[in-house]
Structure formats: structure tokens, C-alpha cells
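Each protein sequence line maps, in turn, to chains G and C. Heads up: the first sequence runs through residues 1 to 414, numbered per this note's numbering. Heads up: the second sequence runs through residues 415 to 828, numbered per this note's numbering. Every residue, glycine too, gets a C-beta built ideally from N, C-alpha and C. Here is the structure we will look at, set down as C-alpha cells.
2 protein chains.
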Amino acid sequence: MQLPLSPLAPSDAAKLLPVPGVRLASAASGYRYKGRPDLLLMTFEAGSQAAGVFTRSLTAGAPVLWSREALASGGGAISALIVNAGTANAFTGQRGADAVLALSAALAELCECPKNQILQASTGVIGEPLEAERLLPYLSGLAAGQSHTAQAWQMAAEAIRTTDTFPKAASRQVEIAGTTVTLTGIAKGSGMIAPDLATMLAFVATDAKIEPALLSTLLSEGCDQSFNAITVDSDTSTSDSLVLIASGMADHPPLSKADDPEVGPFRTALNELLLELALLVVRDGEGAEKLIAISVAGAADNAAARRIGLSVANSPLVKTAIAGSDANWGRIVMAVGKAGEAADRDRMAVSIGGIAVARDGERVADYDEAPVAAHMQGREIEIAIDVGVGEGQARVWTCDLTHGYIDINADYRS
Amino acid sequence: MQLPLSPLAPSDAAKLLPVPGVRLASAASGYRYKGRPDLLLMTFEAGSQAAGVFTRSLTAGAPVLWSREALASGGGAISALIVNAGTANAFTGQRGADAVLALSAALAELCECPKNQILQASTGVIGEPLEAERLLPYLSGLAAGQSHTAQAWQMAAEAIRTTDTFPKAASRQVEIAGTTVTLTGIAKGSGMIAPDLATMLAFVATDAKIEPALLSTLLSEGCDQSFNAITVDSDTSTSDSLVLIASGMADHPPLSKADDPEVGPFRTALNELLLELALLVVRDGEGAEKLIAISVAGAADNAAARRIGLSVANSPLVKTAIAGSDANWGRIVMAVGKAGEAADRDRMAVSIGGIAVARDGERVADYDEAPVAAHMQGREIEIAIDVGVGEGQARVWTCDLTHGYIDINADYRS
């Protein structure tokens with residue numbers, strides 16, 4: 001099925017910047033998709049460090065189990081990352097694990113590195129074991145054909161797509177101790193997207209020199225406010241993987257402490273990049289017609305605010321109302337009420353598009369639906385909720401629930 | 415919007431039995447719906463007892479707050495119940511509470527009873543205060559026009575509908591100490607349906623003589639296995655109300671102890687009736703084309719099994735796959751994995767329509783999709799999951815997620 005381009009796709013492709021110490025190559029293996037790249041190899045300069053955040057699903061796929069273990073046993077050292085789009089290789093028992101091992105062994109030989117310096121990610125149908133022998137023949141060609149160019153990054157973003165209607169990539173540059181470092185990332189995902197993580201793959205590389213512990217901290221913090229703050233359909237994938245790789249090729253003193261002032265600008269750039277990639281995923285939410293940002297304030301704490309925000313963001317009735325451009329704010333109140341978090345019904349306030357709709361537990365006295373209805377006609381919807389009990393706040397993003405979601409998921413085996 | 419009849423509607427209307435001590439009348443107030451009954455009054459013989467289970471939403475509607483308080487302060491004594499379909503009167507502040515009080519006061523005068531013997535329920539749009547003055551003129555006519563006939567019950571089931579495509583009602587008869595007693599119930603609900611409770615109203619009356627404490631116990635137990643085991647869209651209404659009324663007109667010794675052997679057959683009949691009504695709600699799930707029953711076994715305990723079942727039942731990807739008659743069992747595994755409950759990936763088993771699909775953490779060796787695909791073409795889908803860690807089990811029901819759901823909820827302000 002060829003899906004039409006999401007109406008929320010960015011109008012211009014992001015300008016991608018190569019990352020010193022990172023090379024990429026893609027191939028069209030025809031494993032599931034025909035006539036397009038579906039296999040990605042990334043390799044990293046010796047000494048590169050990686051940190052990863054993976055799905056919390058109890059039925060995580062074999063590549064996730066492998067990568068988690070490889071990072072742990074190898075102390076974060078990374079030589080190569082291989083990604084296939086077509087089969088998730090999840091819930092595939094020993095055969096799935098064997099396939100992952102076969103790929104890692106072959107790549108370790110090619111890259112002349114220990115097997116636990118190979119990371120893997122797969123995305124696609126759950127329950128079908130990966131047939132490694134169909135991918136192994138492509139490895140040497142991939143290794144030979146690598147490049148560090150912007151075009152190679154662009155092709156990599158293409159290669160990891162499944163139901164995505166556009167490739168997702170972004171870059172940033174920032175200075176560390178007077179040296180310019182680059183961050184470039186790619187992501188995929190459009191359905192089975194819910195926090196912890198979104199159903200998605202994302203790989204971000206930088207040439208900055210960052211010690212493993214700090215790299216993990218920065219990634220966790222950034223993920224929390226980006227990929228863990230988005231939802232398309234409340235479903236959590238078995239394959240979610242977010243990996244941050246630092247090649248260390250940049251010529252600056254290594255960063256190791258979170259409170260080092262030199263970390264600040266890098267942290268900001270990383271967080272911006274992660275949020276940009278995460279929002280690209282929401283913009284490509286299956287069938288999405290509108291991007292919805294939900295701000296929650298006045299909750300008992302930030303975690304409570306997050307749960308209230310996600311309760312609204314995951315409500316099918318809220319999402320369908322927005323699909324219909326209907327300013328049905330009562331459904332927002334319903335979704336707050338079912339979140340199970342403290343909320344003071346008589347102090348609650350709701351605004352849509354910056355216009356107060358309800359205050360002190362009821363509709364505002366002079367409520368005029370016209371400007372709210374006008375906002376609802378747009379592509380980007382802003383909802384703000386104050387639940388009136390404390391200082392906790394959060395911001396989450398989702399998309400509307402449309403006929404397109406049904407079309408894609410009732411017919412496409414993803 | 416006139417919705418087409420659900421394809422899952424029962425082919426024959428249930429034969430309803432009048433309940434001694436219970437009279438009903440309906441009226442077309444035109445409050446929101448035109449040309450159909452939308453207002454229901456039920457009155458009960460002096461000495462009738464009621465038990466209620468209400469939404470756990472923190473933004474519960476004014477009628478729910480009233481009824482909960484009335485039952486508590488009146489020790490379960492009930493004289494009348496008034497229901498309007500059109501506005502939920504939820505999140506309406508003091509004006510909503512005033513409207514409820516005005517209706518209760520007027521009915522208490524008509525029925526010559528204390529105000530806390532009046533229960534109320536409302537369903538419809540959230541956020542719009544009830545205009546009591548538009549309903550008050552109908553009360554004396556309703557009180558004068560009551561009857562205890564089967565037709566009055568049938569009309570009552572019609573009067574409480576909103577987006578329901580068919581009226582929901584059922585009866586049972588059972589003996590207590592040699593005396594035949596009757597149970598008849600009506601229900602409404604089709605969207606905003608999730609446990610605790612489903613978004614729905616249900617009223618069940620019996621002429622059995624049952625002490626208040628036992629009545630509450632029996633209702634809670636029965637609700638747990640029926641209305642709290644169904645979900646349409648994971649959204650929890652602000653108005654959910656399930657009320658069981660016992661008029662005590664039947665000529666048998668009062669039941670007061672849960673372990674009295676005479677309670678057994680009544681409990682069974684009540685549980686069956688509640689489940690029948692709950693499944694009618696799922697059969698009328700907005701846009702539903704298929705009824706889905708999910709059995710979970712092998713969980714840590716029954717509560718864990720319930721949560722796993724609901725994680726599957728609420729998964730948009732599972733529900734859309736079933737809408738597309740796609741035997742995409744990997745999505746079932748995904749939904750188990752995200753439930754957050756203990757599951758042994760390597761011992762998990764899944765069957766669809768009684769046919770084993772996965773066993774010991776992977777697809778069965780000789781998997782033949784054909785018979786599973788044939789089952790998926792049907793109207794009633796059976797999913798059984800064993801998560802391999804304990805003895806906990808549960809059974810839950812839902813419906814598929816179709817274009818019809820989007821049609822109804824993107825356009826209809828409910």
C-alpha cells in the first residue's frame with residue numbers, strides 16, 4: 001500500500017550535516033519492501049561510545065534484547081549498527097535469537113570487532129523470525145559502500161521507514177570549548193507509538209567526546225521530554241530503540257560531568273534535536289491530519305501532569321473530536337477525570353488555542369465558540385489544562401484519530 | 415445523525431417481564447432529540463431498596479454526585495428514578511447542582527417522599543448545564559401515565575438511548591424459597607465505554623426481598639464480571655450509573671446473608687442478566703462490526719489477568735486488525751507486552767478461535783493461517799492468551815475499531 005504524504009509533513013527537507021567518525025550505507029534487500037532501501041549499516045570510528053534507551057515491553061524483540069545486553073557487557077563501546085525494516089523479529093523464540101547472533105557474528109568479522117560492539121534494530125511484523133540468510137549476502141557490499149555524506153544520512157532515513165510517509169532526520173551544530181560539534185539523527189515511526197518509548201527507531205550521532213555515563217544521562221533526560229512525551233495510538237512497540245552515538249572525533253576536552261558548563265549548550269542542542277525528531281514521528285502518525293500539543297499545569301507533580309496529559313492524548317473520543325474539528329471540550333474534561341490523578345473539579349480550567357473555554361469547574365460565563373471553532377480548523381491544535389491542585393506540569397504531543405488510521409491498520413500487516 | 419443498526423444487534427428483541435412494585439413512564443421532551451422519548455421516570459413501591467455503582471471519574475456529573483449522596487444518606491431507600499438522554503450535566507458547577515436539586519425537589523413533592531429517595535441519571539454532552547425548567551413541566555404527566563407493563567419497560571429502554579442503535583433490555587425469572595421472582599433491566603451505552611464503569615446507564619429491578627447490604631454486595635460482584643469487564647474505546651464517562659432496585663413485593667423470607675443457599679440462584683440470574691446487558695452494550699459499540707471475547711489465563715492473579723485482557727481489548731492496533739479480519743496475532747503479543755504485568759515471554763501461548771497460533775514464546779511450528787483467517791471473517795472473535803506465570807484468569811469483551819467509530823465521533827457531539 002502506498003500511503004499519501006502526511007499533510008503535517010514539513011514543507012522543506014531538513015539540511016543534514018555529516019558527523020565525523022560516522023559512515024553509513026543502505027541497501028535494497030527486498031526482504032519485505034520491494035524497490036526501496038530497507039537495510040541500513042552505520043559504522044563508527046574506533047573508540048565511539050553509545051547509550052541506548054529501549055522499549056519497556058515485556059515482549060521485547062530479539063534485536064532489542066541483543067542490543068541492551070551488548071551495551072551493558074561492552075561498556076557502551078560501539079563499532080556498527082545494523083537496521084532492517086520489514087520484520088520486527090519479536091516473539092520469535094530461539095530462532096529469532098539465532099538470527100540476531102548470525103548477523104552480529106558476520107558483522108563483527110567484517111568490522112574486526114567484538115560481537116558486543118554490534119547493535120541491531122528491526123521493525124515490522126511481530127511474530128515472524130528474521131531470516132538472517134536473506135540479509136547476510138548484503139553485508140560486505142554495505143561495508144564497502146559506506147560514506148559519511150549528507151546524502152548517505154538521507155538515504156539512511158529512507159531505509160528505516162515502514163508505514164512512514166516521509167523520512168525523518170535533523171541536524172544541529174553547537175560549540176564545546178570553542179570547537180564546533182555536530183549532531184545528526186534519523187528516526188522512523190508512525191503507528192504503535194506510545195511513551196516508553198514511542199514505537200519507533202531513532203539513531204543520533206555526534207562527533208562530540210562524551211564519557212559513557214554522561215552520554216547515558218543526557219540521552220535519558222532528552223528522551224523523557226521528547227520520545228517519552230509523544231503518543232499516536234497508546235500502543236507500545238516491541239522494538240523501540242533510541243541510540244545516541246558519540247564518535248569523539250571532535251577536538252575538545254572530553255565531557256564527563258553533567259554540571260560542567262560546557263555541557264549546557266550540547267544538552268540544549270541534543271534536547272532540541274530529539275524533540276524535533278519526536279515531533280516528526282507524531283506528524284507522521286498513521287492517518288494524522290492534525291498535530292495536538294497538550295500542556296497540563298496545576299497537577300500534584302510532574303509525573304501526575306504527564307499521566308493526565310497522556311490520558312487526554314490517548315483518548316479516542318478527544319482524538320476523533322479533533323479529527324472532526326469539533327471544539328468538544330467536554331471530552332477533554334472526561335479524559336482528565338479518568339486519568340486517576342488528583343484534580344480539583346471546581347478549580348479546573350481548560351483553554352483551546354489560547355482561548356479560555358472552562359474555568360473554576362464550568363464553562364466560562366461569556367463562552368463564544370466561534371474563535372475556538374476557528375482554531376480547531378487548523379493543522380496544529382493547542383490544548384491547555386489546569387487541574388488546580390499543585391505545581392506539577394507537563395507537555396505532551398499527539399495527533400488526531402482519523403479514517404486514515406483505520407485504513408492503514410485494518411489493511412496493512414505492520 | 416441516524417445511525418444504521420449495529421450488525422451485532424440481537425436478531426430478536428428480548429421478551430421483557432414486568433416487575434411487581436415497579437412502574438415506568440417515558441416522554442418526548444425534545445430536550446435534544448426530537449420525535450422520540452428521551453425522559454424516563456421509574457417509581458417504586460414504598461419500602462423498595464436500591465444499590466448503585468457509579469463512575470470513578472474525578473469529574474463525575476452532577477446527577478452522579480446527587481445519586482451517590484442520596485443512596486448514602488437514605489440507607490438505600492428509593493421512591494423514584496428520573497433519567498434524561500441529551501445532556502450529561504457534568505462539569506457544570508453550581509448551576510448543574512441546582513438543576514438536579516430542582517428536579518429532585520419537584521419529584522419528591524409528586525411522590526410524597528424525602529428528596530434523598532429520588533435518584534437521577536443523565537447522559538449526553540458534557541459541559542452544558544441541564545435546564546431543569548425544560549423538564550419540570552413533564553413530571554406530572556409522567557407520574558400520571560405510569561404503567562408496570564412490558565411495553566413500558568420497552569419504551570424505557572428506548573428513552574435512555576443516545577447514540578445506541580438498538581434498545582437494550584433483558585429479563586430473568588428465578589425461584590427464591592419456592593417463590594418466583596423476576597429481574598428486568600435496561601441499559602444504554604455505545605461509546606465512551608471503559609471499565610469503572612462502561613460509559614453507560616443500566617437499571618435493573620427485581621421484586622425480590624433483599625436487605626440493603628446484601629443488595630450492594632450482589633451488585634458489586636455482578637458488575638465486576640460484566641460492566642467492569644467490557645470496553646469499547648477505553649474512555650470512561652462522567653455519568654456511568656448502574657442501579658439495582660429490589661421492590662420486595664415477592665412473597666418470600668427476606669434475603670440478608672451472602673452465604674444463604676437461597677441467594678445462589680438469584681445471584682446466578684442477576685449475574686447472567688448483567689452480563690447480557692453489558693454484552694448488548696459492546697454489541698452496540700460505536701461502529702462495531704465484531705464482538706471480541708478475550709480470555710487471559712496464567713497471570714500472576716486475577717487482577718493482573720484483567721489488566722492484560724484490557725490492554726489487548728483497548729489496543730487500537732488489535733482492534734483495527736480485527737476490523738480488517740487480519741489474523742495479526744503479533745499485535746496481541748505487543749498488547750500483552752505493554753500491559754506492565756508479569757508475563758513469561760518464553761511460555762506465552764495465544765489462540766484465536768480455539769486454534770493455537772503461538773506457544774512457548776513463538777509461532778507454532780506447523781502454523782496454518784487458513785482456519786484462523788476463516789474465524790477472523792466471522793462476527794464473533796475469540797482470543798485466548800496464556801501468559802505462563804500463575805493461576806490468575808479473566809475474561810473481557812470489546813468490539814473492533816472501524817470507520818464507523820470515526821464517523822460517529824468525529825461528527826457527533828456526544
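Nearest-angstrom Cα distance between residue i and residue j?
| i | j | result |
| --- | --- | --- |
| Leu441 (chain G) | Ala304 (chain G) | Nothing can be reported for residue 441 (chain G), as the shown portion of chain G is limited to 1 through 414. |
| Arg697 (chain C) | Ser425 (chain C) | 12 Å |
| Leu219 (chain G) | Arg470 (chain C) | 38 Å |
| Arg83 (chain G) | Leu139 (chain G) | The sequence shown places Val at residue 83 (chain G), not Arg. Those two C-alpha atoms are separated by around 11 Å. |
| Ser190 (chain G) | Ser239 (chain G) | 13 Å |
| Gln531 (chain C) | Arg395 (chain G) | 45 Å |
| Ala246 (chain G) | Ala28 (chain G) | 27 Å |
| Gly404 (chain G) | Ala824 (chain C) | 13 Å |
| Gly802 (chain C) | Ser725 (chain C) | 17 Å |
| Ala150 (chain G) | Leu16 (chain G) | 5 Å |
| Trp567 (chain C) | Pro432 (chain C) | 7 Å |
| Leu119 (chain G) | Leu279 (chain G) | 25 Å |
| Tyr31 (chain G) | Ala105 (chain G) | 20 Å |
| Ala342 (chain G) | Phe91 (chain G) | 38 Å |
| Ser670 (chain C) | Lys623 (chain C) | 9 Å |
| Pro609 (chain C) | Ser655 (chain C) | Any answer about Pro609 (chain C) is weak, because its pLDDT of 46 lies below 50 and its placement is not dependable; what the coordinates show is given next. Distance between the alpha carbons of Pro609 (chain C) and Ser655 (chain C) is about 12 Å. |
| Glu783 (chain C) | Leu815 (chain C) | 22 Å |
Helix, strand or coil: which one does DSSP assign to residue i?
| i | result |
| --- | --- |
| Gly378 (chain G) | coil |
| Val296 (chain G) | strand |
| Leu438 (chain C) | strand |
| Gln120 (chain G) | strand |
| Glu415 (chain G) | Any question about residue 415 (chain G) goes unanswered here, given that chain G covers just 1 to 414. |
| Leu136 (chain G) | helix |
| Leu724 (chain C) | helix |
| Gln639 (chain C) | coil |
| Glu175 (chain G) | strand |
| Gly185 (chain G) | strand |
| Ile126 (chain G) | coil |
| Phe680 (chain C) | helix |
| Leu219 (chain G) | helix |
| Leu422 (chain C) | coil |
| Ile799 (chain C) | strand |
| Met569 (chain C) | helix |
| Ala213 (chain G) | helix |
In chain C, which residues lie with their C-beta within 7 Å of the C-beta of residue i?
| i | result |
| --- | --- |
| Glu262 (chain G) | What Glu262 (chain G) touches in chain C: nothing, since even the nearest Cβ is about 39 Å away. |
| Trp329 (chain G) | Gly541 |
| Phe227 (chain G) | Residues of chain C passing the Cβ test: none, with the nearest at roughly 15 Å. |
Should residue i be flagged as near chain G, meaning a C-beta pair shorter than 7 Å?
| i | result |
| --- | --- |
| Leu731 (chain C) | yes |
| Asn823 (chain C) | yes |
| Glu776 (chain C) | yes |
| Pro609 (chain C) | Residue confidence for Pro609 (chain C) is low, a pLDDT of 46 falling below 50, so the modelled location carries little weight and cannot support an answer. |
| His789 (chain C) | no |
| Gly507 (chain C) | yes |
| Thr734 (chain C) | yes |
Counting only beta-carbon separations shorter than 7 Å, does residue i have a partner in chain C?
| i | result |
| --- | --- |
| Lys290 (chain G) | no |
| Ser190 (chain G) | no |
| Val333 (chain G) | yes |
| Ile230 (chain G) | no |
| His148 (chain G) | no |
Check the Cβ of residue i against every Cβ in chain C and list those closer than 8 Å, keeping chain order.
| i | result |
| --- | --- |
| Val53 (chain G) | Under the 8 Å cutoff, chain C gives no residues; its nearest Cβ is about 16 Å from Val53 (chain G). |
| Ala358 (chain G) | Phe505, Gly541 |
Can you pull the chain G residues whose beta carbon is under 7 Å from the beta carbon of residue i, in chain order?
| i | result |
| --- | --- |
| Val750 (chain C) | Thr59 |
| Thr816 (chain C) | Ile406 |
Please list the partners that residue i has in chain C, where partner means a Cβ-to-Cβ separation under 9 Å.
| i | result |
| --- | --- |
| Ala343 (chain G) | Leu472, Thr473 |
| His252 (chain G) | Under the 9 Å cutoff, chain C gives no residues; its nearest Cβ is about 41 Å from His252 (chain G). |
| Ile385 (chain G) | Chain C residues near Ile385 (chain G): none, gap ~11 Å exceeds 9 Å. |
| Thr238 (chain G) | Gly744, Val747, Met748, Gly751, Lys752 |
Quick one: which chain G residues come within Cβ less than 8 Å of residue i?
| i | result |
| --- | --- |
| Leu430 (chain C) | What Leu430 (chain C) touches in chain G: nothing, since even the nearest Cβ is about 31 Å away. |
Applying a beta-carbon distance threshold of less than 9 Å, which residues of chain G neighbour residue i?
| i | result |
| --- | --- |
| Thr576 (chain C) | What Thr576 (chain C) touches in chain G: nothing, since even the nearest Cβ is about 13 Å away. |
Can you determine whether any heavy atom of the ligand MG sits closer than 6 Å to the C-beta of residue i, and answer yes or no?
| i | result |
| --- | --- |
| Gly404 (chain G) | The ligand content of the structure shown is nil, which means the ligand MG is not present either. |
Runs of alpha helix (DSSP H) lying entirely within the segment 49-112 of chain G, each at least 4 residues, in chain order:
As far as the segment 49-112 of chain G is concerned, its whole alpha helix (DSSP H) runs of at least 4 residues are 62-74, 93-111.
Whole runs of the alpha helix (DSSP H) within the segment 318-372 of chain G, excluding any shorter than 4 residues
Qualifying alpha helix (DSSP H) stretches, in chain order: 330-337.
In chain order, which continuous runs of the beta strand (DSSP E) of length 3 or greater are located wholly inside the segment 652-678 of chain C?
Here the runs fully enclosed are 655-660.
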